[in-house]
Amino acid sequence: MFERPQQGERAVLVHLELPDTPRDDDCAEFTELVRSAGAEPAALITGSRHSPDPRLFVGSGKAEEIRETVEAEGAEVVIFDHELSPSQERNLERLFKCRVLDRTGLILDIFAQRARSHEGKLQVELAQLRHMSTRLVRGWTHLERQKGGIGLRGPGETQLETDRRLLAGRIKQILRRLEKVAAQREQGRHSRRRAEIPTVSLVGYTNAGKSTLFNRLTGAGVYAADQLFATLDPTLRRVDLPDQQAMILADTVGFVRQLPHDLVAAFKATLTETREASLLLHVVDAADPRRDANIEQVNNVLQEIGAEEVPRILVYNKIDAVPDAKPRLVEAAHGEPARVYLSAHTGEGVDLLLGWLSARFAESLVQGWCRLPPSAGRERAALYEMGAVIEESSGPEGALDLHIRLPRRRLEELFRDSGFIPELQAEARHVA
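87 is the number of the first residue of the sequence shown in the numbering used here; add one for each residue after it.
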């Protein structure tokens with residue numbers, strides 16, 4: 087038997103063309119996933135099959151080719167761009183005498199590296215434990231060498247059952263903690279709904295530039311890099327729009343093809359921010375030749391989490407990498423969402439997006455003339471400080487007529503202590 091290393095650096099990549107494999111899948115994303123996990127691709131082995139082999143996933147000839155490549159390259163891990171069964175992983179490890187990882191395990195490893203917040207770490211651990219619970223036998227191959235005899239019968243089974251109970255207990259504990267986190271997030275959403283502050287959630291394929299756009303709009307300084315799953319933990323920031331409006335912008339985890347179901351289930355609390363949002367900004371890498379396929383994949387995940395009915399706008403990012411591309415806004419038509427073309431890196435077209443968002447949430451604005459008594463000097467100063475005053479004229483007996491435009495919520499908050507809410511009129515009051 088061999089000793090499995092805790093982590094591998096040099097990796098042999100394996101990708102098979104199966105009947106359900108997308109034709110445009112050129113392994114570029116798979117290679118980038120491997121690099122994002124910190125491994126160095128030493129070789130890429132491809133092939134095709136009508137169906138996976140039940141024992142080795144690949145055929146015996148291809149498995150022998152992989153084994154020879156592992157020895158020649160001195161690889162420490164073999165990574166498959168597919169989901170393997172526990173028995174397939176076990177059989178392949180015995181043959182290759184090195185660690186074998188499937189696509190789900192690879193993505194889980196990346197997420198484990200990226201998680202920073204308490205909630206993110208809990209969600210990743212939950213997904214890992216659920217994935218591990220079907221693969222416990224891989225860690226106890228040393229017990230298989232023990233034969234029967236007095237006092238030695240069934241030690242492997244006993245240890246595995248113990249591990250399963252420990253895993254089940256830990257999963258329940260994590261679920262209880264995540265329920266508390268979900269309750270806290272729901273309190274925050276309730277407060278935002280009560281304050282009539284809309285929540286806008288950034289969604290999109292991984293590495294489409296969501297965090298860069300988030301930083302451009304909020305100045306939050308969220309980590310952004312040219313790699314898959316650069317950010318994992320959700321971040322919420324307030325954004326002040328023109329005309330004294332405000333919104334909460336949420337930066338969420340990026341999606342990817344064949345996103346493991348364990349991850350979708352584990353990140354249910356985080357993805358609730360997307361499902362409960364007032365609007366989705368679907369960020370698309372305009373320079374990616376596979377952008378249409380990526381849009382479809384994101385739509386599939388949104389449908390899986392129940393967010394397919396949330397209004398959205400397509401944000402085609404990275405136009406600075408597209409020759410002759412110009413920032414522009416295309417209004418919605420024929421059931422298609424609106425589209426805006428911009429560059430979060432250079433800032434081109436961001437003003438078009440902000441203008442569209444301002445118009446989108448303008449329904450909560452009120453505009454008109456109001457008369458303030460001379461005693462409302464504090465409220466008048468606050469209106470000017472908010473930039474809500476369009477025009478001012480003198481009224482009778484020292485009163486002031488103000489032409490204002492602002493959200494009704496902020497108007498009510500401002501005059502709450504005064505005991506009255508000024509009535510707005512379309513035209514200025516004329517003094518007789």
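All residues carry an ideal CB built from backbone N, CA and C; glycine is no exception.
**OP:** Spatial neighbours of C342 within its chain, please: CB distance less than 6 Å, with the 5 preceding and 5 following residues excluded, ordered by chain position.
**Re:** The question names Cys, but residue 342 is Val in the sequence shown. So the list reads T292, once near-sequence residues are dropped.
Subject >> Exposure of G206, with buried meaning 16 or more beta-carbon neighbours within 10 Å >> reply: buried
Original post:
Using 8 Å as the Cβ pair cut-off and three pairs as the minimum, do the stretch 391-400 and the stretch 365-383 touch?
Top reply: yes
**OP:** Apply the 10 Å Cβ neighbour rule to K183 and answer buried if 16 or more other Cβ atoms are within range, or exposed otherwise.
**Re:** exposed
Subject >> Chain-order list of residues whose beta-carbon lies under 6 Å from that of Q93 (same chain, five-residue window excluded) >> reply: Interpretation of Q93 is limited by its pLDDT of 49, a score under 50 that renders its predicted location unreliable; no figure is taken from the coordinates.
Subject >> Contained alpha helix (DSSP H) runs [length at least 4] in the stretch 135-204, N- to C-terminal order >> reply: 146-159, 172-182 and 189-200
Original post:
Would you say R153 and G145 are within 8 Å of each other, going by their C-beta atoms?
Top reply: no
Original post:
According to DSSP, is L215 helix, strand or coil?
Top reply: helix
**OP:** Could you tell me whether the Cβ atoms of T391 and R361 are closer together than 8 Å?
**Re:** The residue asked about is misnamed: residue 391 is Ile in this sequence, not Thr. Contact: yes.
**OP:** Could you tell me the distance, in whole angstroms, from the CA atom of R324 to the CA atom of A467?
**Re:** 24 Å
Original post:
For I165 versus V120, is the C-beta spacing smaller than 8 Å?
Top reply: yes
Original post:
Whose C-alpha, out of G255, F116, E157 and V267, is nearest the C-alpha of I196?
Top reply: F116
**OP:** Measure the CB-CB distance between A372 and V408 and report whether it falls below 8 Å.
**Re:** yes
Original post:
Ends of the alpha helix (DSSP H) at R343?
Top reply: That residue, R343, is in no alpha helix (DSSP H); it is neither H nor E in DSSP.
Subject >> Local conformation of V98 per DSSP, three classes >> reply: strand
Original post:
How big is the Cα-Cα spacing for L465 and F501?
Top reply: In the sequence under discussion, the amino acid at residue 465 is Glu, which differs from the Leu named in the question. Near 7 Å, if we compare the C-alpha coordinates of F501 and E465.
Original post:
Given that a residue counts as buried once 16 or more other Cβ atoms are within 10 Å of its Cβ, and exposed if not, what is T526?
Top reply: Here the chain has residues from 87 to 518 only, and residue 526 is not among them.
Original post:
If you draw a straight line from the C-alpha of L102 to the C-alpha of P140, how long is it?
Top reply: 14 Å
Subject >> C-beta atoms of S56 and R250 nearer than 8 Å >> reply: With the chain represented from 87 up to 518, any question about residue 56 goes unanswered, as that position is not in the structure.
**OP:** Could you check the C-alpha separation between A158 and E95 for me, to the nearest Å?
**Re:** 15 Å
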